[in-house]
Every structure is written in C-alpha cells, then in structure tokens.
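These notes concern the structure reproduced below.
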Amino acid sequence: MTIEELEQIQESVRAESAKFDFEVNVCMDLACSSQGSDKLRDALVKAAEASGKKVLVRRTGCMGPCSSGPLVRVDPEETLYKHVTAGHAEAIVSSLGGEPVPALQCDLREHFDKQVRVVLENAGHIDPEKIDDYISREGYKALMTALMEMTPNGVIHRITESGLRGRGGGGYPTGLKWSTVSKAGGDMKYVVCNGDEGDPGAFMDRSVMEGDPHRVLEGMAIAAYAVGASKGFIYVRAEYPVAVARLTTAIREARRRGLLGSNIAGTTFSFDVEIRLGAGAFVCGEETALIASIEGKRGTPKPRPPYPAVSGLWGRPTLLNNVETYANVAPIVRNGGKWFANMGSERSKGTKVFALTGKIANTGLIEVPLGIKLWEIIDVIGGGVPDGHKLKAIQTGGPSGGCIPADMMDLGVSYDALMAAGSIMGSGGMIVMDDTSCMVNVARFFIEFCMTESCGKCIPCRAGTAQMYTLLTRICEGTATMDDLEMLEDLCSTVKEASLCGLGQTAPNPVLSTLKYFRNEYIEHIQHKRCLAGVCNIQAPVEVMA
Amino acid sequence: MRKNGFARHALIETLHTVQSSFGYLDDDAIRFVAGSLRVPLSQAYGVATFYHYFSLKPPGKHTITICAGTACYIKGADKLVAAAEKRLGIVPGQTSPDTQISLMTARCVGACSRAPVMLCDNEVAGEVTAEHVLEQLERWAVE
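First to last, the protein sequences are chains E and F.
FYI, the working numbering numbers position 387 of the first sequence as 387, with every residue one higher than the one before it.
Take any residue in the second sequence, note its place counting from 1, add 546, and you have its number in the working numbering.
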C-alpha cells in the first residue's frame, strides 16, 4: 500500500458513490438497533429497489442523539429523520428528490451547532465493516504520512504540540507518555489500547470501536511507529460483542490491504494487533491490572513505579492509551498539532466525547470543545431536564467522579476545573440527575459498586469501601447518628490516601462531593429521618410514650 | 486453544470459549483448560472466580439481565429488579427452581441512552418498565 494506492481507493469509492443520487444512512448502533433499525434497513433496501431510484442504503455507527432513534439521515440533503420504523421506509424513499417527510423530520440544529466532531467525524457517515468507506474519508492517510514523511520523534513532537491528554480520565499528557516509552530501552515494546470502558453510564468507547474501528487501529499503528513497537493489543470488554466483531473484521481487512502486518507501505515498519477480551472487572481499567489481565492473570493492580511505560506487558515497555485517545491521533497527524491545540481551553486542548444520559431530553453521544460551559451542554445540546423537573446535579467520572450541583452550571468543562470541583473528567459519562434523585442514595450506589469491584488486594479499599457502604446504608435507612457521619468522613480520607490504585484512591469521591454540596440531605436523613427526594425507605420513627 | 497456540496468556480467551459453548464453567472444564495450557489449577480457578463474567453454575433456559449501570439506576432499574425478584422468588445471580429462568444484573451494557435497559437472552430492550419485565417473564413461563 502506498499513498497513491490509497488515493486510488478514494477515487474508486467516489466513482462508486457517484452512481447513486441519494444516500440513505441508517444508524445501527445499539440504541437504534434495539428499536429495530435492522428491519428498517431491510425495508429501505426493498423500497429503494422497488422505486427504481439510484439509492445507496448504508448502515452506520452512532449518529449521536440516541433518544430520537432509530435515526436515518438522507444525503446529500443531510435530512435527519427520527423515530423511523420499517413502516416509514416507503415514504422516505418516495420523498427522495422532492420534499422531505415532515412528520419524521428531526430538528436538532441547536443540538448539533454547539458540537465539534473530531473523534466522531465519521460516525454516521461510514459503514464500519468497510475499510474503503474509512479510506474514502482520509482514513489511513495519517499513517502513510507518518511513515513516509515523518520521523518517530516528529510524530511524538506533533502529538506533544497538540496538547492531547489521556481521554481515559487521568488526563496525563499523551505526548509525554509516548516519549517516555520511545526512550525506554529494549528490542520489544507493546502498544495497548484500553477498551475496557468500565464506567457504568459511559459508552463512547463502545461507539467508536463499533462505528469507526479503523480509526482506533490507525491511531495505534501511528503510536507504534512513534514509540518503536511492533505488537499491539486491544483490550475490550466481553460485554461488547459487537465491538469485538467489528474490530476483528477491521483487523482482517487492514491486514489484507497491507495496512497492518509486516513491512507496512514497503517500509521496515511492521505492526500487528490482537484483541484480548475482558471478563467483567472494573479494576481492569487500571493500567497495571489491565496488563495482568492481558497476561491471563487475575486483574489485580501493582504498585507503581515501575510504570508500564518502562516495564509493562511481560516486563517490556508498554504504551497504554484509551480508545478515544487513539481515535484523536490520526486527525492530529493529518491536520497538525496547532490545529488541535486551537480548540479547547488553556490546559485542556481539543474536543471530548461525552455520553449524555439520565434525566435529560436529548440523551446520546456528543462531542464538544473542552472549556464549554456545563449549562451549554445541559440546556442547549441536551435540551434540558424533561417532565417539568428541576436539575439537581450532574455526575461525571463514574464511580471515581463526583456530583456537580445545579448552581455550578457556569463551570467550564476541563480536566482541572472538574478536579477543583471535586469530580473528575473520567472517561466521559455525564449523568444528569433531577429532584427525584437522593444524593445519599447515589453515593451509596457508587460505594456499593466500588465495594463489589474492589479486587481485594489492599485493605483500605477492600475493607474501607465495605464499611463506608454499611454507614451509608445506615444513613439511608434512617438509623445513623451524627457520629456515623463523622466516621464516614474519616474513612473517606483513609481510603483515599492509603489505597494502592486508582479505584480505591477515587472511590470516596462520590461521597466527598455529595457531602460537600448536599450535606443538608445527609443531615435530613440522620436528624429528621426524612428523604427529601422520597427515594430512601425510612421507617417512620416510633413515638415512645413517656 | 489451538487458535491461540496453547499460549498460557490466552487463559481468559480459552475460558470465554468454554463458557460460550457450555454456558458455564464446571470443575472438569477448568481442570481441563488448566492442564492443556499448563497453568496451575489455582490460577485457572482464581481467574474464573475473579471475573464476574464467568459463571460456575449452569444458567437457566432463559436469562433476564437487568442493567444496574448508573444511568439505569437513575431511571429506576431497582424497581425492575424488585419486580423480577418478586415474580420469580429469587435474587439476582440465581436461577428459578424449575431451571427455566436466571435473573442477573449487569454492570452497564452501554445502551445508557435508552435506560433503563434489560437483556432478554442477550436481546437488548430499552426504556423498560416493571410491566415489560413481568410480560417477558410471563411469555417465558407459558412456553
């Protein structure tokens, strides 16, 4: 494969699509396919054949606004249709070339206007199982450019210049990590992609792996070239069978095209990727635990240092990044580091994908420039809290994150601002809560999660989370005293400071942040035996007759 | 195992293959895998019990899995679990005495935008209510 051959493929795809007057894209991502978008696609194909019009029906990855699914987009007009069923297929096909079907039209201009799509640029535009679709949208061009025109250090420099930070949640500067691995000695190095999206309530990595798998492979290949690795692993949750299938297809196609394998593009650079399945352990999102799991062991973390960049998989230098981080690599190499650094805020560059869920009108995937105000996400992109309820808090960062109260909606979304507010960026789950959520109960939910997911290696995490859970349960049941609250706060700091890995160190965050912003709810539960949201089942106190 | 070249580090992959063929991992299977891959039985058993995805008990004929991720929790997944528990008389992780239905909870299946979500024999259904759960259980019961 050479740049010329890549361009030839682009040409042939363009020639192929020029044969069609219309393209009907059907979202086949989980949210839409669980509402029958596969039947819809079949019906559209049938209707298109019957009409005699030149229509290409394409299945695509996630288009974004899942709450309006199943979604269909007609190109070149870019008409978006919502809640489409197989019964609407004929109406849509017969409207082609004329006026759109008014009843199905989805007007989400405000929803899309505030978004900037880098990672999701192909989502909803390509068939994830066709490598040519990806190539036609500048796919693998960045890899070719890197191999032909750039030195490994040049690639690292470009990533450093972009200011990209780890999208898994930690926010470690990606360029710095790459350069550490590149400088580490040894003839064998590994590149690992963390697709273990364990944060319950986040699904952007799943969407990227399912909707645009080649983007991840290309990012990994560029990374491998930059750090001098020849072997890669993608670690995917077993709960994501579609992602595994799509990645398997993508790897096979890329090998066939000579974009993975030995001597890529006639250079001395060789790189191949293997998929490794997770098996349902949240702690495996932690890098040393993930490495243990790839080696076929129990996923328990190890103390760092040594960091994986120096001694990782089988003791070799290992570059470990998240799916979304790799997904950003190709556009940065293609468009330059400065282009990326121009987006975002002072210390958080670029865009971030969020999974917007919970009590919000437009649930789904969004991609926004960092620094955007929370209210813009909630009120404008999200369309506000439905059913006349009031916004209470936004939870970010999953079980390691915290709750940001409704009066802080002016906060700009960045790694540092979220950290200062007692939460974290995390992998990108953003769960909206309204006045029907009890914050004490939410804290208990997360502690229960951390308690069951604790690997049990270190005591502060294993025993600490269990004790925190007991105390929180007591508060929720209305049997706690103010001493219990004090003990809970003490425990939080112990678990936070004494735990071995990120799971334990961040487990108290949901409790600490709700204590900070919603302390009155804790006090209500303890002193007045009342749950204002009406969630906790508190037995009415028995009046004792004197 | 042959696919992975009998590599020791492919233990988790191998256990996945066994579970997807037999539905669960019994003692014989774990012993066999450990022997074939030349890993200590303790490691094979340790891995099989460490990861939630592996089950050491045979599943029922049908499995209903209710997602217990955050988005589903906020949208009232606990009510779905309670309804299923009441109807089946078992708690999550158990199988009904007639071995017909297993009740499970999952840590997020990634369909959060349609929360609350359940999986009926791996088929995803979104925006589920307690009535939906009961209807599904009823359908399986009359089979």
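C-beta: ideal position from N, C-alpha, C; glycine also.
query, result
"Extent of the continuous alpha helix (DSSP H) to which H525 of chain E belongs", "519-527"
"Proximity test, R58 of chain E beta-carbon vs the ligand SAH heavy atom, cut-off 8 Å", "As for the ligand SAH, it is missing from this structure, which has no ligand bound."
"Length of the line joining the Cα atoms of D21 of chain E and P303 of chain E", "59 Å"
"First through last residue of the beta strand (DSSP E) which encompasses G232 of chain E", "231-236"
"6 Å CB neighbourhood of Q527 of chain E in its chain, flanking five on each side removed", "none"
"Pair within 9 Å by beta-carbon distance, K46 of chain E and A89 of chain E", "yes"
"Where C458 of chain E meets chain F, residues with beta-carbon distance less than 9 Å", "The contacting residues do not exist; C458 of chain E stays about 15 Å from chain F at best."
"Sub-9 Å separation of Y235 of chain E and S311 of chain E beta-carbons", "no"
"Nearest-angstrom beta carbon gap, A553 of chain F and I576 of chain F [assumed within contact, 8 Å]", "Actually they are not in contact, since the Cβ atoms of I576 of chain F and A553 of chain F sit about 18 Å apart, beyond 8 Å."
"Identity of the residue in E:S182, E:T351, E:G69, E:H83 nearest Q115 of chain E by Cα", "E:T351"
"Where P405 of chain E falls: helix, strand or coil (DSSP)", "strand"
"Between the CA atoms of G615 of chain F and A546 of chain E - distance to the nearest angstrom", "Note that A546 of chain E has pLDDT 47, beneath the 50 cutoff, so the model's placement of it is unreliable and no number is given."
"Backbone secondary structure at A546 of chain E - three-state DSSP", "Note that A546 of chain E scores 47 on pLDDT, short of 50, meaning its location in the model is unreliable and no value can be drawn from it."
"Separation of V413 of chain E from T2 of chain E, as counted between CA atoms", "41 Å"
"Residue burial classification, L587 of chain F (beta-carbon count within 10 angstroms, cutoff 16)", "exposed"
"Straight-line Cα distance separating L512 of chain E from G570 of chain E", "Past the boundaries of the shown model lies residue 570 of chain E; chain E is included only from 1 to 546, so the question cannot be answered."
"Where Y619 of chain F meets chain E, residues with beta-carbon distance less than 7 Å", "F445"
"Residue-chain proximity (Y570 of chain F, chain E), Cβ-Cβ < 9 Å", "no"
"Segments of 4+ residues assigned as alpha helix (DSSP H) that fall wholly inside the segment 276-346 of chain E", "287-294, 323-335, 337-341"
"Cβ shell of F446 of chain E (< 7 Å), same chain only, five flanking positions each side left out", "P399, P510"
"Within chain F, the residues that M433 of chain E reaches when beta carbons sit closer than 7 Å", "I620"
"Within chain F, partners of R298 of chain E - CB distance below 7 Å", "G592, V593, F596"
"Range covered by the alpha helix (DSSP H) that runs through T79 of chain E", "Looking at the DSSP string, T79 of chain E is not in any alpha helix (DSSP H); the run it does join, the beta strand (DSSP E), is 79-81."
"Buried versus exposed, by CB contacts within 10 Å (16 or more), V637 of chain F", "exposed"
"Residue(s) in a DSSP beta bridge with K349 of chain E", "E:G344"
"Own chain partners of S182 of chain E with C-beta closer than 7 Å, once the 5 adjacent residues on each side are dropped", "P152, I156, A226, V227, G228"
"Contacting residues, own chain, Cβ-Cβ under 6 Å from E274 of chain E (five flanking each side not counted)", "F233"
"L30 of chain E (DSSP reduced to helix, strand or coil)", "helix"
"Pick from E:V495, E:L472, E:S493 that is closest to D484 of chain E, judged by C-alpha positions", "E:L472"
"Whole-angstrom distance between A466 of chain E and C438 of chain E, CA atom to CA atom", "20 Å"
"CB contact flag (R257 of chain E, M209 of chain E, <9 Å)", "no"
"Y415 of chain E - containing alpha helix (DSSP H), residue span", "415-420"
"CB contact below 9 Å: R660 of chain F versus chain E", "yes"
"Bridge-paired residues (DSSP) for V74 of chain E", "E:V24, E:T79"
"Which residues DSSP lists as bridging C438 of chain E, in chain order", "BP columns for C438 of chain E are empty, so no partner."
"Contact with chain F by Q35 of chain E, beta-carbon distance below 9 Å", "yes"
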